[in-house]
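Residue numbers (our numbering): 1202 to 1676. For every residue, glycine included, the Cβ atom is placed at its ideal position computed from N, Cα and C.
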Amino acid sequence: MKYQYGAVASGHKTVTEVGLEILRAGGNAFDAIIACGFASSVCEPMLSSLGGGGFLLTHQQNKTQLFDFFTNHSGLHFPGSINPKFLSVAVNFPGSTQHFESGAASIATPGCLHGYFYAHKKLGRLPIRDVIQPTIELAKNGVSVTEFQYYVHQLLTHIIFSDKNSRKIFTQNDQLIPVGEKITNPALADFLDAIAIEGPDLFYRGEVAQTLVNDVQNQGGFLTTQDLENYQTIIRKPTTHSFEDWTIFTNPPPASGGQLIAKLLSEIEKKPPSGDTDKDSQNCWLSHFKSTEAWRKSIEKQRLFSRGTTHVSVIDRLGNCASMTTSNGEGAGYTIADAGIMLNNMMGEDDLHPHGYYAEPAGSRISSMMSPTLAFHQDGRRFALGSGGSKRIRDVMTQILWQLMKEKQPLHAIINQPRLHFDGERLQCEPGFDPVLPDATYWDTRDMYFGGVHIVSNTEPPVGDHRRAGFADFQ
1202 MKYQYGAVAS GHKTVTEVGL EILRAGGNAF DAIIACGFAS SVCEPMLSSL
1252 GGGGFLLTHQ QNKTQLFDFF TNHSGLHFPG SINPKFLSVA VNFPGSTQHF
1302 ESGAASIATP GCLHGYFYAH KKLGRLPIRD VIQPTIELAK NGVSVTEFQY
1352 YVHQLLTHII FSDKNSRKIF TQNDQLIPVG EKITNPALAD FLDAIAIEGP
1402 DLFYRGEVAQ TLVNDVQNQG GFLTTQDLEN YQTIIRKPTT HSFEDWTIFT
1452 NPPPASGGQL IAKLLSEIEK KPPSGDTDKD SQNCWLSHFK STEAWRKSIE
1502 KQRLFSRGTT HVSVIDRLGN CASMTTSNGE GAGYTIADAG IMLNNMMGED
1552 DLHPHGYYAE PAGSRISSMM SPTLAFHQDG RRFALGSGGS KRIRDVMTQI
1602 LWQLMKEKQP LHAIINQPRL HFDGERLQCE PGFDPVLPDA TYWDTRDMYF
1652 GGVHIVSNTE PPVGDHRRAG FADFQ
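Written out as C-alpha cells, the structure reads:
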C-alpha cells in the first residue's frame, strides 16, 4: 500500500488527526508520534500525561531501537524518613475490580517530557515547536469529551476530585464535564508554549520543577529535585523473536512485557490453538497463559503491571515505523497549577512494588508490562502495534501477533476477534467464546479491560481498536 504521507492509529480521533497533520507538514513518523504523545495528554488526559512515562520503539533505515522514558523510583536523597500514606481507590470494571493507591506519596519521577524531547532530537525532522503547536491549540480551544473518555473519568472520579487543580480541568459545577462538552487546559497551553522555547529543563530543573517538588513534599510525597535533575531517557536494544519468516521487535528488560510475549509465542508455536472459540481452544490458551505466568514468577521479583495506558502507532511514506505506549497509571490526583499536568501514581501501584512501597533504590527504573511492538515479514510487510491494558497487555498482544502471523485475515478482522486473559485465578473471556469452562468468566460486553490494539501497516489500511475508542486514518 503506497501512502502519500503515512498512516496513524491511536486511542482518539483528534490524536490521529494531529499525527496526520504533522506528516502532511513534512514531518516523519517520529515527529508525528511525538506530536501524538503531546496531543494524548489533552485528548486522553487520564490515560496519558506529560507527568507519566512510556516507551517508543522506532525503525529507520534498518536500525531498530527502543527509547525508554518510563518513570523512576522517587525519593533520591530525600532528607527524612519515608513512610508513605496513600489515597486508596477501587476501580470497578464490569467483570473485575482493581485496587490501587494514589495521592502525593504515589508520584514517581516522570519521564514523558524528557523522552519526547530526546527522541525528537535524535530522529525528528521538523522543529520541535511545530511538533508541539497542535497540542497548544487543543489545550487552548478545548477537546470535546467522548463517551469513552467520560467512562474513564467516571472510573477515576475519586482521583479527579481529590485535587482542586484537577477539578478545575475536569469538572463544572462539581460535576464531571459531560459528553460533548469541551475540556480546556489553558495552563498546559502556556506551559507548552514556554517549553517549546526553553526545552525540558524548564520542567526538570526550572521553576516548574521547584513548584512540583515543594507541592509534592508538602502533601506527603517524596519526589526531590535530585530525582528530576538526574532523570535520563535510555536507548535500548529491542527484544527480538523469530518465527518462520517473521521477526518481532518489542520492549527489552528491565521491562517485562517483551520477554513474556516472546515466551508465550514460543509456547504457542509448540502447541498451536485451533483458532476456534470452543472448549479445546480455550483450554489450549489457558494452558499457555498458566505456563508463561509460572515462568514469569520464577524469573521476576516484580509483577510489572502499569494500569492506565494508551498507545499510538505510525508509519510514514518512507517506511519509517514508530510504536509508542505511554501511561500515567491512574494518576496521582495532584496537578501542577501553573502547568496543567497531572502526575502519575506509579509509586502507589502495588503490582509494581510486591516487596513493599519504596523498597527499590531511588533513581532506578520502575519496570513495566508495556510492549510497543514491530512485526516484520521477510516479504517486506511491516506492522507497528501496541496496546494499553495493564497486565492484559501480554495476553492481548500475543493473541494479536499469533493471528497476524498465522491467519490470513485483514487487520480489522483480527482486531475484532474475541480475546482471552488469565488473571491469575480465572480465564476472562470476551463475548464470542463458547461458555463451556466452569471456572471461566464470560463477559457480556467488550470492554477496555481487554486492551486496545492500534495497528498500522505498509500493506493495508490502519486500524484503531474500538474497545478503547481507537481511530485510524491514512493519506
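Do residue j and residue i come within 8 Å of each other at the CB atom, strictly closer than that value?
{"i": "Gly1534", "j": "Ser1275", "result": "no"}
{"i": "Gly1458", "j": "Ser1569", "result": "yes"}
{"i": "Gly1252", "j": "Phe1271", "result": "no"}
{"i": "Met1543", "j": "Gly1557", "result": "no"}
{"i": "Gln1483", "j": "Val1637", "result": "yes"}
{"i": "Gly1549", "j": "Leu1248", "result": "no"}
{"i": "Leu1393", "j": "Ile1337", "result": "yes"}
{"i": "Phe1651", "j": "Thr1478", "result": "no"}
Rounded to the nearest angstrom, what separates residue i and residue j at their Cα positions?
{"i": "Gln1411", "j": "Ser1528", "result": "23 Å"}
{"i": "Ala1320", "j": "Asp1232", "result": "9 Å"}
{"i": "Pro1663", "j": "Ile1656", "result": "6 Å"}
{"i": "Tyr1559", "j": "Lys1286", "result": "12 Å"}
{"i": "Arg1668", "j": "Phe1623", "result": "18 Å"}
{"i": "Arg1582", "j": "Met1606", "result": "11 Å"}
{"i": "Thr1217", "j": "Gly1207", "result": "11 Å"}
{"i": "Asp1552", "j": "Gly1564", "result": "19 Å"}
{"i": "Thr1298", "j": "Pro1555", "result": "19 Å"}
{"i": "Asn1452", "j": "Thr1511", "result": "15 Å"}
Could you tell me the boundaries of the alpha helix (DSSP H) in which residue i lies?
{"i": "Val1515", "result": "Careful: Val1515 lies outside any alpha helix (DSSP H), inside the beta strand (DSSP E) at 1510-1517."}
{"i": "Asp1331", "result": "1329-1342"}
{"i": "Thr1441", "result": "That residue, Thr1441, is in no alpha helix (DSSP H); its beta strand (DSSP E) goes 1440-1444."}
{"i": "Gly1458", "result": "1458-1471"}
{"i": "Ala1320", "result": "1313-1324"}
{"i": "His1278", "result": "Per DSSP, His1278 belongs to no alpha helix (DSSP H) and is neither H nor E."}
{"i": "Trp1447", "result": "Segment 1447-1451 is the beta strand (DSSP E) holding Trp1447; no alpha helix (DSSP H) there."}
{"i": "Asp1391", "result": "1387-1399"}
{"i": "Asp1596", "result": "1593-1607"}
Could you say which of the options lies nearest to residue i if we only look at CA atoms?
{"i": "Arg1627", "options": "Asp1635, Tyr1643, Pro1619", "result": "Tyr1643"}
{"i": "Lys1383", "options": "Lys1464, Ala1390, Asn1374, Ile1370", "result": "Ile1370"}
{"i": "Lys1677", "options": "Leu1251, Phe1444, Val1344", "result": "The chain is shown only over 1202 to 1676; residue 1677 falls outside these bounds and no answer can be derived."}
{"i": "Ala1673", "options": "Gln1629, Val1515, Arg1583", "result": "Val1515"}
{"i": "Thr1574", "options": "Glu1550, Arg1566, Pro1562, Ile1449", "result": "Ile1449"}
{"i": "Gly1220", "options": "Thr1385, Ala1538, Cys1522", "result": "Cys1522"}
{"i": "Gln1418", "options": "Asp1481, Gly1281, Arg1518", "result": "Gly1281"}
{"i": "Ala1305", "options": "Phe1318, His1260, Ile1360", "result": "Ile1360"}
{"i": "Ile1469", "options": "Asn1452, His1442, Pro1328", "result": "His1442"}
{"i": "Ala1226", "options": "Asn1284, Gln1334, Gly1422", "result": "Gln1334"}
{"i": "Pro1562", "options": "Met1525, Phe1279, Gln1610", "result": "Phe1279"}
Hey, is residue i close to the ligand COA, as in C-beta under 7 Å from one of its heavy atoms?
{"i": "Val1380", "result": "Inclusion of the ligand COA in the displayed structure is not the case, the ligand content being empty and no account of it being possible."}
Tell me the residue span of the beta strand (DSSP E) that contains residue i.
{"i": "Met1173", "result": "A query on residue 1173 cannot be resolved here, the shown segment of the chain reaching from 1202 to 1676 and no further."}
{"i": "Asp1416", "result": "Per DSSP, Asp1416 belongs to no beta strand (DSSP E); it is in the alpha helix (DSSP H), 1408-1419."}
{"i": "Val1657", "result": "1653-1658"}
{"i": "Arg1437", "result": "1435-1437"}
**Request:** Note down, one range per segment and in chain order, each beta strand (DSSP E) of at least 3 residues found wholly within the region 1544-1583.
**Result:** 1574-1578, all fully within the region 1544-1583.
**Request:** Go through the region 1203-1271 residue by residue and report every complete run of the alpha helix (DSSP H) that reaches 4 residues or more, in order.
**Result:** As far as the region 1203-1271 is concerned, its whole alpha helix (DSSP H) runs of at least 4 residues are 1214-1225, 1230-1244.
**Any alpha helix (DSSP H) of 4 or more consecutive residues that is wholly inside the region 1610-1638** = 1612-1617
**Request:** Could you name each continuous alpha helix (DSSP H) segment of 4 residues or more that falls completely within the region 1337-1384, going from the start of the chain to the end?
**Result:** The region 1337-1384 contains these whole alpha helix (DSSP H) runs: 1348-1356, 1358-1361, 1365-1371.
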